[in-house]
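Participant:
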Amino acid sequence: MSSAAPLSQRSDMVVFLNGEYLPADQARVGVLTHALSYGTGVFEGIRGYWNAETEENYLFRLREHFERMHKSARILQIKIPHTVDELIEIAVELVRRNGLRENCYVKPLAYKADETIGVKLHDLADHFYMLAVPMGDYVSTTGLRCGVSSWRRVDDNMIPARAKVSGAYVNSAFAKTEAQQSGFDEAIMLTSEGHVSEGSAENIFLLINNELVTPPPSENILLGVTRDTVMQIARREMDRITRERVVDRTELYIADEIFLTGTGAQIAPVIEVDHRPVGAGKIGPLGGEMQRLYGEIVRGKKPEYMEWLTPVYGSAPKRVPMPVQADVAHNGHNGHNGVSVQKPAKVKAARPAAQ
Ligand SMILES: Cc1ncc(COP(=O)(O)O)c(C=O)c1O
499 MSSAAPLSQR SDMVVFLNGE YLPADQARVG VLTHALSYGT GVFEGIRGYW
549 NAETEENYLF RLREHFERMH KSARILQIKI PHTVDELIEI AVELVRRNGL
599 RENCYVKPLA YKADETIGVK LHDLADHFYM LAVPMGDYVS TTGLRCGVSS
649 WRRVDDNMIP ARAKVSGAYV NSAFAKTEAQ QSGFDEAIML TSEGHVSEGS
699 AENIFLLINN ELVTPPPSEN ILLGVTRDTV MQIARREMDR ITRERVVDRT
749 ELYIADEIFL TGTGAQIAPV IEVDHRPVGA GKIGPLGGEM QRLYGEIVRG
799 KKPEYMEWLT PVYGSAPKRV PMPVQADVAH NGHNGHNGVS VQKPAKVKAA
849 RPAAQ
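Using my numbering, count along the sequence shown one by one with no gaps and you end on 853.
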């Protein structure tokens, strides 16, 4: 099967499904699967960065992604049959078994699996898969033109944005398609109150009056791992404290710099919003510097951040103590989880049939 074939038809790629490493063309779900009908799944998106010099693939902040996934699952009453340590080991094993020596994307999904008709969360079987595929840029990193969406971000008491729920991505898809069909690159979504929330799959940062600002968790955002990373880089490398506060729509029009952040988007500077140039209409100094630092950190080029990386092919990570939490000025509760050593644990999983 050629490498252009869909994953589901490939026998040369390995997928982890319900405790087993299987050739991708043997990893199947039924057409009546609950999550396919009703969007009742929670997932993560994790990047691996290939470093050709060290011949290593570094998976970025696995622990934080899997901790968030466990929280998402709690919200949806889904039981994930693996601990965070086991999930880390599965991710490493998957990338290794697929021999990925390029930038890649790891996607675990925990979902309601019963083949049944009926909308609910309880008394349904939960299944789990994880896959790893090659991945390039998700959005342009050379300057995005954004439009404020007419679609509002889902509210915490509708579909909670803090949980990465597969069904909630219909909200993002509406916004993204509207933006692109209107000639923009990406959407910026507002809350139902009209405050800035986030992009279709990215958090947002603004530089206003020389202050780095981002909407707080109460503005219906996904608490991004990259968002936390940016706050930590800003504090440690730039001596800047990020202020989490409510952001008005028109602040998008007067900001000196704006950038979107996400595992997929990485650090994506915004150069235009609703046809108005952001600052000088080109990548600003802060966004540019953030891109540079982030790019070095994720590729293992800054030893003091190696704790965030899990090497796949075995080079020993240099373990340097890091602060537990980003210092952020915020109104309300705090953003994100701490940092800890990412040591793969043992997982009991069947070996693949075809290896
Ligand atoms: C809606 C939404 N917001 C924000 C983000 C950024 O989150 P992270 O940095 O953890 O990838 C994502 C990423 O997938 C997302 O889908």
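Glycine included, each C-beta is placed from N, C-alpha and C at the ideal position.
Treat the numbers as computed from the prediction; the structure is a model and nothing was measured.
By alpha-carbon positions, which one of Gly616, Ala522 and Gly528 ends up nearest to histidine 625?
Facilitator: Sequence index remark: in the sequence shown, residue 625 carries index 127 (1-based). The shortest Cα separation from histidine 625 among Gly616, Ala522 and Gly528 belongs to Gly528.
Participant: Where glycine 597 and tyrosine 751 are concerned, what is the direct C-alpha to C-alpha distance, given to the nearest angstrom?
Facilitator: As a position in the sequence shown, residue 597 is number 99, starting the count at 1. As a position in the sequence shown, residue 751 is number 253, starting the count at 1. Approximately 45 Å, taken between the alpha carbons.
Participant: Start and end of the beta strand (DSSP E) containing threonine 808?
Facilitator: Your numbering for residue 808 matches position 310 in the sequence shown. That run of the beta strand (DSSP E) goes 807-809.
Participant: Would you check if the distance between the CB atom of leucine 710 and the CB atom of arginine 747 is smaller than 8 Å?
Facilitator: Working through the sequence shown from its first residue, we reach residue 710 at position 212. Working through the sequence shown from its first residue, we reach residue 747 at position 249. No, the Cβ-Cβ distance between leucine 710 and arginine 747 is not below 8 Å.
Participant: Pop quiz: serine 695 and arginine 651 are said to be a contact at Cβ under 8 Å. What is the actual Cβ separation, rounded to whole angstroms?
Facilitator: In the sequence shown, counting from the first residue as 1, residue 695 sits at position 197. In the sequence shown, counting from the first residue as 1, residue 651 sits at position 153. The pair is a contact, with the Cβ atoms about 4 Å apart (cut-off 8 Å).
Participant: Between which two residues does the alpha helix (DSSP H) carrying serine 535 extend?
Facilitator: Mapped onto the sequence shown, residue 535 falls at position 37. Run containing serine 535: 532-536, per the alpha helix (DSSP H) assignment.
Participant: Report the three-state DSSP secondary structure of glycine 793 (helix, strand or coil).
Facilitator: On the sequence shown, residue 793 is found 295 positions in, with the first residue counted as 1. Three-state DSSP puts glycine 793 in a helix.
Participant: Can you tell me whether proline 821 is helix, strand or coil according to DSSP?
Facilitator: Translated into positions along the sequence shown, residue 821 becomes position 323. Because the pLDDT of proline 821 is 45, which lies under 50, any placement of that residue in the model is unreliable, and the number read from its coordinates should be weighed accordingly. DSSP places proline 821 in coil when its eight states are reduced to three.
Participant: With three or more beta-carbon pairs closer than 8 Å as the criterion, would you say the segment 522-539 touches the segment 660-668?
Facilitator: Flag = yes, the segment 522-539 and the segment 660-668 touch.
Participant: Work out the CA separation of methionine 656 and lysine 618 for me, nearest whole Å.
Facilitator: As a working note, residue 618 is residue 120 in the sequence shown. As a working note, residue 656 is residue 158 in the sequence shown. So the two alpha carbons sit approximately 14 Å from each other.
Participant: Taking all protein chains shown into account, decide if valine 512 is buried (16 or more other Cβ within 10 angstroms of its Cβ) or exposed.
Facilitator: For this step, residue 512 is matched to residue 14 along the sequence shown. Buried, since its Cβ has 16 or more Cβ neighbours within 10 Å.
Participant: Can you tell me whether DSSP reads valine 512 as helix, strand or coil?
Facilitator: Locating residue 512 in the sequence shown gives position 14, where the first residue counts as 1. In this structure, valine 512 counts as strand in the three-state DSSP scheme.
Participant: Are the beta-carbon atoms belonging to phenylalanine 541 and leucine 592 less than 8 Å from one another?
Facilitator: Position 43 of the sequence shown holds residue 541. Position 94 of the sequence shown holds residue 592. Not closer than 8 Å, so no.
Participant: Tell me whether glycine 543, by its Cβ, gets closer than 7 Å to a heavy atom of ligand 1.
Facilitator: Numbered from its first residue, the sequence shown carries residue 543 at position 45. Yes, ligand 1 has a heavy atom inside 7 Å of this Cβ.
Participant: Which term fits isoleucine 615, buried or exposed, when burial requires 16 or more other beta carbons within 10 angstroms of its beta carbon?
Facilitator: Taking the first residue of the sequence shown as position 1, residue 615 is located at position 117. Exposed.
Participant: Could you have a look at alanine 666 and say whether DSSP puts it in helix, strand or coil?
Facilitator: Along the sequence shown, read from residue 1 onward, the residue named residue 666 stands at position 168. Three-state result, alanine 666: helix.
Participant: As a quick exercise: from Ile544, Tyr547, Ile573 and Ala630, pick the residue whose alpha carbon is nearest that of arginine 858.
Facilitator: A question about residue 858 goes unanswered here, because the residues of the chain that appear run from 499 up to 853.
Participant: In or out: glutamine 679 buried (at least 16 other Cβ within 10 Å) or exposed?
Facilitator: Counting from 1 along the sequence shown, the entry for residue 679 is found at position 181. Looking at its Cβ environment, which holds fewer than 16 other Cβ atoms inside 10 Å, glutamine 679 is exposed.
Participant: As an exercise, report each continuous beta strand (DSSP E) stretch of at least 3 residues that is fully enclosed by the segment 603-683, in chain order.
Facilitator: Segments of the beta strand (DSSP E) lying fully in the segment 603-683: 624-632 and 642-646.
Participant: In whole angstroms, give me the CA-to-CA distance for alanine 778 and aspartate 754.
Facilitator: Against the sequence shown, residue 778 aligns to sequence position 280. Against the sequence shown, residue 754 aligns to sequence position 256. Each residue's Cα considered, the two are about 8 Å apart.
Participant: How would you write the range of the alpha helix (DSSP H) that arginine 734 sits in, first residue to last?
Facilitator: Along the sequence shown, read from residue 1 onward, the residue named residue 734 stands at position 236. 723-736 is the extent of the alpha helix (DSSP H) around arginine 734.
Participant: From Asn701, Asn708 and Ile731, pick the residue whose C-alpha is nearest to that of leucine 720; which is it?
Facilitator: Mapped onto the sequence shown, residue 720 falls at position 222. Measuring from the Cα of leucine 720, the nearest candidate turns out to be Asn701.
Participant: Please tell me whether, using a cut-off of 7 Å, the distance from the CB of alanine 699 to the nearest non-hydrogen atom of ligand 1 is below it.
Facilitator: The residue you call residue 699 lines up with position 201 of the sequence shown. Yes.
Participant: Measure the alpha-carbon distance for serine 647 versus phenylalanine 672 and round it to whole angstroms.
Facilitator: As a first step, residue 647 must be located in the sequence shown, where it is residue number 149. As a first step, residue 672 must be located in the sequence shown, where it is residue number 174. Serine 647 and phenylalanine 672: Cα-Cα distance of roughly 9 Å.
Participant: Pop quiz: arginine 545 and phenylalanine 558 are said to be a contact at Cβ under 8 Å. What is the actual Cβ separation, rounded to whole angstroms?
Facilitator: The residue given as residue 545 occupies position 47 in the sequence shown. The residue given as residue 558 occupies position 60 in the sequence shown. Indeed, because the Cβ distance is near 5 Å, the residues count as touching under 8 Å.
Participant: What is the DSSP secondary structure of alanine 525, counted as helix, strand or coil?
Facilitator: Residue numbering aside, residue 525 sits at position 27 when the sequence shown is read from its first letter. Looking at alanine 525 - three-state DSSP - the assignment turns out to be coil, as it is neither helix nor strand.
Participant: Rounded to the nearest angstrom, how far is the Cβ of alanine 659 from that of asparagine 718, given a contact under 8 Å?
Facilitator: Numbered from its first residue, the sequence shown carries residue 659 at position 161. Numbered from its first residue, the sequence shown carries residue 718 at position 220. At roughly 4 Å, the Cβ-Cβ gap stays under 8 Å, so alanine 659 and asparagine 718 are in contact.
Participant: Less than 7 Å separating the Cβ of arginine 660 from some heavy atom of ligand 1?
Facilitator: Working through the sequence shown from its first residue, we reach residue 660 at position 162. No, Cβ of arginine 660 sits at least 7 Å from all heavy atoms of ligand 1.
Participant: In the DSSP output, which residue or residues are listed as bridge partners for tyrosine 556?
Facilitator: Against the sequence shown, residue 556 aligns to sequence position 58. Bridge partners of tyrosine 556: Tyr547 and Pro809.
Participant: Straight-line CA distance for alanine 611 to leucine 622?
Facilitator: Taking the sequence shown and counting its residues from 1, one reaches residue 611 at position 113. Taking the sequence shown and counting its residues from 1, one reaches residue 622 at position 124. Answer to the nearest angstrom: the Cα atoms are 7 Å apart.
Participant: Which of helix, strand or coil does DSSP assign to glutamate 600?
Facilitator: If you number the sequence shown from 1, residue 600 lands on position 102. The answer is coil: DSSP assigns glutamate 600 none of H, G, I, E or B.
Participant: Compute the minimum distance between the beta carbon of valine 723 and the heavy atoms of ligand 1, and state whether it is under 7 Å.
Facilitator: For the purposes of this step, residue 723 is taken as residue 225 along the sequence shown, with counting starting at 1. Yes - ligand 1 has a heavy atom lying nearer than 7 Å to the Cβ of valine 723.
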